[in-house]
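Peer 1: So in UniProt numbering the end of the sequence shown lands on 658, straight run, no missing numbers.
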Amino acid sequence: MSVTSKDVKKTEGVTWRRYKDGQTEEDYRSNQDKIFQAGWTHKCPEYMLSTPPCQGSCPAGEDIRSYLNIVRGIEKPPVGADGKPTMPWEEYAWRRLTEANPFPAVMGRVCPAPCESGCNRNQVEENVGINSVEHYLGNWALEHNLAFAQPTKDTGKKVAVIGGGPAGLAAAYQLRLKGYGVTIFDDHAELGGMMRYGIPGFRTPRDVLDGEIKRIVDLGVETRLNCRIGTDISMAEIEKTYDAVVMGLGAQGGRSLPVDGADAPNCVTAVAFLRAFNEGRLQHVGNKVVVIGGGDTSIDVATVARRLGKITNASSTDLPEMVLAGHAAHDVASIAARQGVEVVLVSRATIDKMAANKHEIEQAKAEGIEIVGGVTPVAVIKGADGRATALRVAEFEMVGNETKIKEGTEVDIPGDLIVSAIGQAVDFTGLEEFNNNKGLIRADKNYRFPGKPNVFVAGDVIRPHLLTTAIGHARICAEGIDEFLSGEEVDKRPKVDVHHWDMIRKWMESGHDYQERHGQQWGTSGDKGLLHNFEDRSGRYVIPSTELFLGHFAKTPRNQRGVTVLNKDSALGNFEDRLHALDDKQVVAEAKRCMSCGLCFECDNCVVYCPQTAVFKVKKKDGPTTGRYVDTDYAKCIGCHICADVCPTGYIQMGMGD
1 MSVTSKDVKK
11 TEGVTWRRYK
21 DGQTEEDYRS
31 NQDKIFQAGW
41 THKCPEYMLS
51 TPPCQGSCPA
61 GEDIRSYLNI
71 VRGIEKPPVG
81 ADGKPTMPWE
91 EYAWRRLTEA
101 NPFPAVMGRV
111 CPAPCESGCN
121 RNQVEENVGI
131 NSVEHYLGNW
141 ALEHNLAFAQ
151 PTKDTGKKVA
161 VIGGGPAGLA
171 AAYQLRLKGY
181 GVTIFDDHAE
191 LGGMMRYGIP
201 GFRTPRDVLD
211 GEIKRIVDLG
221 VETRLNCRIG
231 TDISMAEIEK
241 TYDAVVMGLG
251 AQGGRSLPVD
261 GADAPNCVTA
271 VAFLRAFNEG
281 RLQHVGNKVV
291 VIGGGDTSID
301 VATVARRLGK
311 ITNASSTDLP
321 EMVLAGHAAH
331 DVASIAARQG
341 VEVVLVSRAT
351 IDKMAANKHE
361 IEQAKAEGIE
371 IVGGVTPVAV
381 IKGADGRATA
391 LRVAEFEMVG
401 NETKIKEGTE
411 VDIPGDLIVS
421 AIGQAVDFTG
431 LEEFNNNKGL
441 IRADKNYRFP
451 GKPNVFVAGD
461 VIRPHLLTTA
471 IGHARICAEG
481 IDEFLSGEEV
491 DKRPKVDVHH
501 WDMIRKWMES
511 GHDYQERHGQ
521 QWGTSGDKGL
531 LHNFEDRSGR
541 YVIPSTELFL
551 GHFAKTPRNQ
561 RGVTVLNKDS
571 ALGNFEDRLH
581 ALDDKQVVAE
591 AKRCMSCGLC
601 FECDNCVVYC
611 PQTAVFKVKK
621 KDGPTTGRYV
631 DTDYAKCIGC
641 HICADVCPTG
651 YIQMGMGD
């Protein structure tokens with residue numbers, strides 16, 4: 001609540017805020033001359049915490065702005081009794097990041113980073129390299145053997161997690177932190193799901209994956225491997241034994257080509273191909289491989305095939321389809337003299353519209369993979385022995401929802417291994433009651449299975465998508481289960497459903513207590529640590545670039561990670577990690593490119609440009625300054641809103657006094 005000059009004793013030399021009926025903020029924002037001549041309104045500044053678009057675009061819900069602000073040094077680690085930080089900034093940033101995502105080293109390598117597409121810096125220059133900061137923090141934590149803090153409570157209740165992939169592991173992590181006993185059931189020999197069996201090791205090194213999984217298990221998570229729910233143990237028994245269930249079984253079945261001839265034995269799915277490779281059973285392929293897809297999985301298949309190559313004089317038992325079917329496994333010794341193979345990737349989308357990451361497409365081309373876009377499979381051509389010899393494709397056009405082939409454009413692409421990377425499917429054996437007749441599980445907005453209040457759903461069983469999406473589902477599942485098992489209503493999810501920076505938590509983390517005050521207050525109160533007219537809109541508002549003062553930000557070159565670029569020859573047999581993390585200086589420099597949208601980053605603009613000296617910096621001795629670096633003396637403020645106009649982050653908004 002604001003005050004007028006009649007409410008307080010007038011001070012010499014102070015110009016009092018005045019009121020003028022009929023004036024709006026738009027009137028003044030459209031006339032910058034009036035603003036910078038100290039024009040006035042009846043409005044005064046408020047401090048509005050909003051969600052930055054990077055966080056709003058992150059399916060995992062990471063508090064991206066927070067950990068970037070820690071890396072750049074704006075938000076400091078807590079200080080101990082000795083006056084020294086209780087942990088390095090790297091650890092503090094990692095702990096903030098992993099509140100949402102327990103796999104930063106993995107996701108820092110493979111996530112397509114939708115957060116970067118949403119980054120407001122795109123309106124100035126190239127986006128902030130958020131993914132590269134995540135990569136660095138994940139690596140640093142593994143190198144320094146960081147562990148998650150053990151649960152501080154035990155609820156005495158148990159949750160079964162079906163599936164040990166990204167959704168199941170992330171759900172187990174969140175639930176253990178809340179004090180629940182967790183058992184993961186998985187029908188594989190190792191945990192990881194598609195992170196282990198669907199992504200090549202040269203994109204996700206196995207020591208990195210194992211390290212991040214181990215941290216979760218070390219929280220006290222029990223595991224039952226090589227155990228399938230629905231066959232080895234019934235779902236009814238699981239529901240009877242456990243207080244709640246998370247269904248995160250993933251979509252680990254591949255979709256076959258829906259064309260004639262696709263039943264050929266050497267016409268296989270990408271899921272089967274990548275699993276055989278990641279398990280070490282598939283060590284080489286045939287002379288020519290044709291991949292159908294256009295997404296990241298198709299790129300993975302194509303680049304794996306280029307690396308595997310072929311061997312001469314392969315026997316019939318060495319055929320890739322024999323390995324994929326589990327009838328054989330290649331002898332590692334046989335690959336000593338491997339040779340290169342031709343790989344063609346076919347996509348219905350044109351190359352510029354393919355769903356795969358653009359840098360992955362360019363890398364595939366550099367490795368000698370031919371990409372043919374804008375064509376659709378028509379048929380698999382078989383030889384006399386019933387094996388595929390070619391894939392027939394043609395140009396097409398869409399007529400409504402139907403594909404119409406352009407006559408005379410058919411072309412046969414030779415291949416002795418044809419791999420379909422057109423999608424994934426869920427295996428519902430023994431769990432048929434959950435099938436929505438579309439091969440997925442239907443869930444409500446809280447990821448709860450309708451009709452079963454104790455069953456929650458996460459990951460690709462809802463909709464095959466990104467690993468980061470599955471991690472985000474798991475977080476919401478865990479929160480819903482916690483509410484359900486605590487006897488509470490499962491709350492409606494916020495409009496902006498991500499992790500948010502919490503000023504009160506930051507205040508208490510630094511050893512301070514707090515007291516909320518509502519209703520009318522004096523704007524001139526001098527209480528230590530008091531923040532006037534702060535509003536947290538982060539749960540409902542993503543701040544656009546139009547709310548920022550973009551003129552503040554100078555163009556600064558992005559700190560790019562190094563990438564080992566292979567060619568057709570060097571790709572053969574090369575299974576090394578291609579992506580090189582930034583060093584500490586580079587990662588700090590990259591974090592400093594963040595515009596901290598929706599939260600003060602302590603630039604001093606408002607203090608410098610205020611013509612009334614109404615805006616002032618708070619004293620650091622009174623508590624942490626993040627989010628409360630400045631305050632306003634409302635007895636001096638005239639409502640000129642210069643502070644709001646020069647605020648780079650959009651944290652200062654004019655509204656008080658409405």
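Even for Gly, the Cβ is constructed at its ideal location relative to N, Cα and C.
All values derive from a computational prediction rather than experimental measurement.
Under the three-state reduction of DSSP, which class applies to Ser132: helix, strand or coil?
Peer 2: The residue you call residue 132 lines up with position 132 of the sequence shown. Three-state result, Ser132: helix.
Peer 1: Where Val347 and Glu116 are concerned, what is the direct C-alpha to C-alpha distance, given to the nearest angstrom?
Peer 2: Mapped onto the sequence shown, residue 347 falls at position 347. Mapped onto the sequence shown, residue 116 falls at position 116. Residue identity differs from the one stated: residue 347 is Ser in this sequence, not Val. Straight-line Cα distance between these residues: approximately 25 Å.
Peer 1: Counting C-beta neighbours from all protein chains within 10 Å, is the total for Gln653 16 or more, i.e. buried, or is it exposed?
Peer 2: Position 653 of the sequence shown, counted from the first residue, corresponds to residue 653. Answer is buried; the Cβ neighbour count reaches 16.
Peer 1: Which two residues bound the contiguous alpha helix (DSSP H) that contains Thr297?
Peer 2: By one-based count along the sequence shown, residue 297 stands at place 297. Note, Thr297: alpha helix (DSSP H), Asp296 to Leu308.
Peer 1: Helix, strand or coil for Gly118, going by three-state DSSP, please let me know.
Peer 2: Working through the sequence shown from its first residue, we reach residue 118 at position 118. In this structure, Gly118 counts as helix in the three-state DSSP scheme.
Peer 1: Should the stretch 542-553 be regarded as contacting the stretch 119-132, the criterion being three or more beta carbon pairs within less than 8 Å?
Peer 2: Output reads yes: the stretch 119-132 touches the stretch 542-553.
Peer 1: Does Glu46 pass the burial test, meaning 16 or more other C-beta atoms within 10 Å, or should it be called exposed?
Peer 2: The count along the sequence shown starts at 1 and reaches residue 46 at position 46. Glu46 comes out buried.
Peer 1: Hey, how far is the Cα of Ala644 from the Cα of Tyr651?
Peer 2: Position 644 of the sequence shown, counted from the start, is the residue given in the question as residue 644. Position 651 of the sequence shown, counted from the start, is the residue given in the question as residue 651. Each residue's alpha carbon lies about 8 Å from the other.
Peer 1: Restricting to Cα atoms, I'd like to know which of Gly138, Trp89, Thr51 and Pro53 is closest to Leu582.
Peer 2: Here residue 582 is taken as the residue at index 582 of the sequence shown, counted from 1. For the residues Gly138, Trp89, Thr51 and Pro53, the minimum Cα distance to Leu582 belongs to Gly138.
Peer 1: Could you check what DSSP says for Asp207 in three-state terms: helix, strand or coil?
Peer 2: By 1-based counting over the sequence shown, the position of residue 207 is 207. In this structure, Asp207 counts as helix in the three-state DSSP scheme.
Peer 1: Reducing DSSP to helix, strand and coil, say where Gln283 ends up.
Peer 2: Taking the first residue of the sequence shown as position 1, residue 283 is located at position 283. If DSSP states are grouped into helix, strand and coil, Gln283 belongs with coil.
Peer 1: Quick test of your reading: Gly639 and Lys43, contact by CB under 8 Å. State the CB separation rounded to the nearest angstrom.
Peer 2: In the sequence shown, residue 639 corresponds to position 639, counting from 1. In the sequence shown, residue 43 corresponds to position 43, counting from 1. Contact holds; Cβ gap of about 5 Å.
Peer 1: In or out: His330 buried (at least 16 other Cβ within 10 Å) or exposed?
Peer 2: Start at 1 with the first residue of the sequence shown, and residue 330 comes out as number 330. When all chains shown are included, His330 counts as buried.
Peer 1: What residue range does the alpha helix (DSSP H) around Met87 cover?
Peer 2: Numbered from its first residue, the sequence shown carries residue 87 at position 87. From DSSP, Met87 is part of no alpha helix (DSSP H); its letter is neither H nor E.
Peer 1: Are the stretch 370-380 and the stretch 304-313 touching, with three or more C-beta to C-beta distances below 8 Å?
Peer 2: No contact exists between the stretch 370-380 and the stretch 304-313.
Peer 1: Could you please give the first and the last residue of the uninterrupted beta strand (DSSP E) stretch that includes Pro414?
Peer 2: Residue mapping note: residue 414 aligns to position 414 of the sequence shown, counting from 1. Val411 to Pro414 is the span of the beta strand (DSSP E), which, as asked, contains Pro414.
Peer 1: So, for Val304: in the same chain, excluding its five sequence neighbours on each side, which residues have a beta-carbon less than 8 Å away from its beta-carbon?
Peer 2: Here the question's residue 304 lines up with position 304 in the sequence shown. Counting only Cβ-Cβ distances below 8 Å, and skipping sequence neighbours, we find Pro200, Phe273, Leu274 and Phe277.
Peer 1: Could you give the residue range of the alpha helix (DSSP H) that holds Leu467?
Peer 2: As a position in the sequence shown, residue 467 is number 467, starting the count at 1. Run containing Leu467: Leu467 to Leu485, per the alpha helix (DSSP H) assignment.
Peer 1: Could you say which of Arg255, Lys592 and Ala554 lies nearest to Gly293 if we only look at CA atoms?
Peer 2: Your numbering for residue 293 matches position 293 in the sequence shown. Gly293 has its Cα closest to that of Arg255, out of Arg255, Lys592 and Ala554.
Peer 1: Have a look at Phe428, Thr51, Ser570 and Phe456 and flag the residue whose alpha-carbon is nearest the alpha-carbon of Gln252.
Peer 2: Residue numbering aside, residue 252 sits at position 252 when the sequence shown is read from its first letter. That would be Phe428, whose Cα lies nearest to the Cα of Gln252.
Peer 1: Closest to Asp243 by CA distance: which of Ala160, Ala302 and Phe185 is it?
Peer 2: Numbered from 1 along the sequence shown, position 243 holds the residue referred to as residue 243. Closest option to Asp243, Cα to Cα, is Ala160.
Peer 1: Ordered along the chain, which non-local residues of its own chain (more than five positions away) have a Cβ less than 6 Å from that of Phe36?
Peer 2: For the purposes of this step, residue 36 is taken as the residue at position 36 of the sequence shown. Confidence is the limiting factor: at Phe36 the pLDDT is only 48, short of 50, which leaves the residue's position unreliable and the question unanswerable from this model.
Peer 1: What are the residues that DSSP puts in a beta bridge with Tyr47?
Peer 2: What you label residue 47 is simply residue 47 of the sequence shown in a count that begins at 1. Note: Tyr47 sits in a beta bridge opposite Phe534 and Ile652.
Peer 1: If Gln150 and Leu219 are in contact, beta carbons under 8 Å, what's the gap, nearest whole angstrom?
Peer 2: Numbered from 1 along the sequence shown, position 150 holds the residue referred to as residue 150. Numbered from 1 along the sequence shown, position 219 holds the residue referred to as residue 219. Between Leu219 and Gln150 the Cβ distance is about 7 Å, and since that is below 8 Å, they are a contact.
Peer 1: Do Pro52 and Arg65 have their beta-carbon atoms positioned less than 8 Å apart in this structure?
Peer 2: As a first step, residue 65 must be located in the sequence shown, where it is residue number 65. As a first step, residue 52 must be located in the sequence shown, where it is residue number 52. Contact: yes.
Peer 1: Should Gly248 and Gly163 be called a contact, given that it needs their Cβ atoms to be closer than 8 Å?
Peer 2: Walking along the sequence shown from the start, residue 248 turns up at place 248. Walking along the sequence shown from the start, residue 163 turns up at place 163. Yes, these two residues count as a Cβ contact at 8 Å.
Peer 1: Would you grab the beta carbon distance between Tyr67 and Ala93 for me? Rounded to a whole angstrom, and I think it's under 8 Å.
Peer 2: Here residue 67 refers to the residue found at position 67 when the sequence shown is read from its first residue. Here residue 93 refers to the residue found at position 93 when the sequence shown is read from its first residue. That belief holds up - the Cβ atoms of Tyr67 and Ala93 are roughly 4 Å apart, short of 8 Å.
Peer 1: Given a cut-off of 8 Å, decide if His552 and Asn605 are closer than it, judged by their beta-carbon atoms.
Peer 2: For the purposes of this step, residue 605 is taken as the residue at position 605 of the sequence shown. For the purposes of this step, residue 552 is taken as the residue at position 552 of the sequence shown. The answer is yes: Cβ separation under 8 Å.
Peer 1: Ignoring anything shorter than 3 residues or poking outside the stretch 353-379, list the beta strand (DSSP E) runs there in chain order.
Peer 2: You should have 370-373.
Peer 1: According to DSSP, Ile381 sits in a beta bridge with which residue or residues?
Peer 2: Counting from 1 along the sequence shown, the entry for residue 381 is found at position 381. Per DSSP, Ala390.
Peer 1: Is the distance from the Cβ of Tyr173 to the Cβ of Ile238 below 8 Å?
Peer 2: Locating residue 173 in the sequence shown gives position 173, counting from the first residue. Locating residue 238 in the sequence shown gives position 238, counting from the first residue. No, these two residues do not count as a Cβ contact at 8 Å.
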